[in-house]
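Note sheet for the following structure.
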Amino acid sequence: PLAHRIRAVLRSQGSPAHVPSVVLAVDDLPTTHNGKLSEGAARDVLNGSAARNLTALRNPGSLASIAAAYQAATVATTAESPDEATADRVTGIVRRVFGELLGSPVADDVNFFDAGGTSRQSMTLLRRLRLELDRPLPMDAFLAEPTVTGVTRALSAPVEEQRAVEALRPGDPALPPLYLIHGAYGDLDSFQFLLEHLAVRCAVRGVNGSLTTPDGARRPVADVAAAHVAEVTAAQPDGPMSLAGYSFGGLVAYEMACQLVAAGREVAFLGLLDVRPPVRGLTRVEQLVKRAAAVLATLTPGLRVRSPIQAVADLFRNAPRSADAAEEAAAAGTYDQYVWRPYGGRVTFFRVTRRIPVIEHFMYAWRRVAPDLRTVDTPGAHHDMLGRENSVVLAARLSEQLRTSGAG
Numbered sequence: 027p028l029a030h031r032i033r034a035v036l037r038s039q040g041s042p043a044h045v046p047s048v049v050l051a052v053d054d055l056p057t058t059h060n061g062k063l064s065e066g067a068a069r070d071v072l073n074g075s076a077a078r079n080l081t082a083l084r085n086p087g088s089l090a091s092i093a094a095a096y097q098a099a100t101v102a103t104t105a106e107s108p109d110e111a112t113a114d115r116v117t118g119i120v121r122r123v124f125g126e127l128l129g130s131p132v133a134d135d136v137n138f139f140d141a142g143g144t145s146r147q148s149m150t151l152l153r154r155l156r157l158e159l160d161r162p163l164p165m166d167a168f169l170a171e172p173t174v175t176g177v178t179r180a181l182s183a184p185v186e187e188q189r190a191v192e193a194l195r196p197g198d199p200a201l202p203p204l205y206l207i208h209g210a211y212g213d214l215d216s217f218q219f220l221l222e223h224l225a226v227r228c229a230v231r232g233v234n235g236s237l238t239t240p241d242g243a244r245r246p247v248a249d250v251a252a253a254h255v256a257e258v259t260a261a262q263p264d265g266p267m268s269l270a271g272y273s274f275g276g277l278v279a280y281e282m283a284c285q286l287v288a289a290g291r292e293v294a295f296l297g298l299l300d301v302r303p304p305v306r307g308l309t310r311v312e313q314l315v316k317r318a319a320a321v322l323a324t325l326t327p328g329l330r331v332r333s334p335i336q337a338v339a340d341l342f343r344n345a346p347r348s349a350d351a352a353e354e355a356a357a358a359g360t361y362d363q364y365v366w367r368p369y370g371g372r373v374t375f376f377r378v379t380r381r382i383p384v385i386e387h388f389m390y391a392w393r394r395v396a397p398d399l400r401t402v403d404t405p406g407a408h409h410d411m412l413g414r415e416n417s418v419v420l421a422a423r424l425s426e427q428l429r430t431s432g433a434g
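In terms of the working numbering, the numbers along the sequence shown are unbroken and rise by one, the last being 434.
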């Protein structure tokens, strides 16, 4: 139907916030005598108010058509119970996101992975559903029944209050817990497969967060880190700290380590999972080289989520292709505005093996601020190092480094 196509275009070229809840098909729109659309007259009708200055309209009869169409749509919507309408909306969104990620619609009882879905796509699915439905879906709930039916059922359960610091795995209370810092979307979903394979004696805790203020402004990395330092300090008032984060979360973990050391706390372990240097930490020449590396990575199969064709198409878009793409772009801007500072402690950098050599990670730039940095290579590319396949080796190497540091 046309209404579905309108919503699909607005969603793909704008965001879920741009998608109207009601689409009305009417014969005519109110216009003034000089041909200008009268949004005010249409708005008055939809609000149940009498339109003002009907003589200014060339076609005042169009208002009756709009009123009738709106009344019919309202009656059709209220014919369902609120619960049924909400359930149908959630199911529709889940079906659509499944279909978009898998390349075609699938039956409600088809397993996501049997239909060709990857672990990386499962993380994207959870993120897309969170952004569109404004509620989280835990990875373990998804994995319990990874079908449209199962996901819809899981989303009907009451939403648990998200804690700033949550227990992910129990461990030896004599050892400092490992804190995994959230990623660019504020969640811990990407660590699900890593957690399954970690072989450490310490407890593992996750730090959730938000990258925006209540009024929607983006929070700088240093502010995000400061909030988390207060949270982990409250959860662990004394003793050494162990931190790790992937990509955006790794940069937040780095800044947290700087702030903790400045406050007199010991950081026993700082693990950076493929964390690229922020643009403001690079020289002009290095920034140009980084852009060249990004182009090369986009053109090299397997190094990026987007294909070269998608990357070129995105250059000509007036808006991000999806809500999660818009969120990712905003987080990237926050990331690159971060001004890093020297850190004298040991840093363990887990670097993916599928990469553009030398010019993609700028390890020499990292060592300018963190001279005591060691690299540990691990399988995969940046976008899939935490996927089901690559997490096994990454977990083994992370576990080994934690034990070597005395923190695991």
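Cβ coordinates follow ideal geometry from the N, Cα and C atoms, glycine included.
Going by DSSP, THR374 is part of no alpha helix (DSSP H) but of the beta strand (DSSP E) stretching over 373-378. Membership of SER431 in the alpha helix (DSSP H) is indicated by the continuous run 414-431.
In this structure, ILE382 keeps its C-beta atom at 8 Å or more from the C-beta atom of VAL278. Of the other Cβ atoms in all chains shown, fewer than 16 fall within 10 Å of the Cβ of VAL185; this residue is therefore exposed. For GLU192, the closest alpha carbon among the candidates PHE375, THR175, VAL315, ASP213 is that of ASP213. Assignment of beta-bridge partners to GLY271 by DSSP yields ILE207, LEU298. The stretch 130-183 is shown to contain whole alpha helix (DSSP H) runs of 4 or more residues at 145-159, 165-170, 174-181, in chain order.
Sixteen is the threshold: since fewer than 16 other Cβ atoms of the shown chains lie within 10 Å of the Cβ of GLY290, the residue is exposed. Residue state for LEU83 is assigned as strand, using DSSP reduced to three classes. Beyond the five residues adjoining it in sequence on each side, PRO199 comes within less than 8 Å, by CB distance, of ALA229 in the same chain, given in chain order. Counting C-beta pairs with one atom in each stretch, the stretch 150-158 and the stretch 415-428 have fewer than three that are closer than 8 Å, which means they do not touch. The Cβ-Cβ distance between SER431 and HIS223 does not fall below 8 Å.
Contact annotation: ASP135 and THR178 have beta-carbon atoms that are not nearer than 8 Å. VAL301 and ALA261 have their C-alpha atoms some 26 Å from each other. Contact annotation: ALA77 and LEU89 have beta-carbon atoms nearer than 8 Å.
Around the beta carbon of HIS408, 16 or more other beta carbons sit within 10 angstroms, so the residue counts as buried.
Under the DSSP definition of a beta bridge, ARG69 lacks any partner.
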